[in-house]
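Numbering (this note's numbering), first residue to last: 60 to 167. Even for Gly, the Cβ is constructed at its ideal location relative to N, Cα and C. Some notes on the structure that comes next.
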Ligand SMILES: [Zn+2]
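The following block contains the structure:
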């Protein structure tokens, strides 16, 4: 599991999570190619919600213990920008390394 946090020019953080080094490479290429859209999306989200996309982690932290699936305790994935350029909220994801057998994510 690879997770990289990228700081954008306007102070936002884009988190990229990948299952393998190759996938991370692909994701990072996508991020670099779409950087202007990502920054525009974070600005747009702030304009619509009046909230900062970079809200303190404590405020976004879920209440209560992490849910579990048959693979064990699920891992918390912070919100970010999807490949379609849409911001998404934090969620709990299955820790299975095999994508085929991963359980459904639980949104915070
Ligand atoms: Zn699972």
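Buried is the label assigned to residue 71, since at least 16 other Cβ atoms lie within 10 Å of its Cβ. Per DSSP, residue 87 has no beta-bridge partner at all. Between residue 139 and residue 85 a beta carbon distance of about 16 Å is seen, past the 8 Å cut, so the two are scored as non-contacting.
Going by beta carbons, residue 135 and residue 147 fall outside the 7 Å limit. Collapsing the DSSP output to three states places residue 62 in a strand.
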